[in-house]
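**Student:** In the working numbering, the protein residues as written are 1 to 117.
Here a beta-carbon is modelled for each residue, glycine too, at the ideal position from N, C-alpha and C.
Model, not experiment: these values are computed from the prediction.
Just dropping this structure here.
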């Protein structure tokens, strides 16, 4: 019974840590959209996160939205993707996936606009 209670406490603490990570990420991503120079710090922080908390960043709409907002013209984002800190390779891969989605969704829209003109 004590082991079961400890497991419930651990699960609740883990859920609270994930929720706190998501909240902090939302705020930091908002800052990064204004100041791209902060982007490398996001990759550093991700690399330093405990493994169970990394999915809160990796699968976050906040991170995806940030990558879409700054786009491939952001030198700090490109640098972080090109040479991610050890432990942040999966975040760099996710950023590339988001950029690829943006590029493939923009190309058909641009082609349609050119055809309509």
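1. Could you say which of 37, 45, 102 lies nearest to residue 74 if we only look at CA atoms?
2. In angstroms with no decimal places, state the Cα-to-Cα distance between residue 69 and residue 85.
3. Below 8 Å between beta carbons: does that hold for residue 65 and residue 29?
4. Give me, in chain order, the residues of the same chain whose beta-carbon lies closer than 6 Å to that of residue 94; leave out the 5 immediate sequence neighbours on both sides.
5. Short of 7 Å in beta carbon distance, which residues of its chain neighbour residue 17, apart from the five on each side in sequence? Order them along the chain.
6. Judging by CA-CA distance, which residue of 49, 90, 22, 42 is the nearest neighbour of residue 76?
7. Are residue 46 and residue 88 touching if we call contact CB-CB under 8 Å?
8. Rounding to the nearest angstrom, what Cα-Cα distance links residue 120 and residue 24 in this structure?
9. In whole angstroms, give me the CA-to-CA distance for residue 27 and residue 4.
10. Tell whether a beta-carbon distance below 8 Å holds between residue 80 and residue 61.
11. Measure the C-alpha to C-alpha separation of residue 188 and residue 39 and round it to an integer number of angstroms.
12. Out of 96, 71, 102, 103, point me to the one whose CA is closest to residue 34's CA.
**Tutor:** Taking the coordinates as given:
1. 37
2. 22 Å
3. yes
4. 58
5. 53
6. 42
7. yes
8. The structure shown does not extend to residue 120, since the chain is modelled only from 1 through 117, so no value can be given for it.
9. 35 Å
10. no
11. Given a span of 1 to 117 for the chain in the structure shown, any question on residue 188 remains unanswerable.
12. 71
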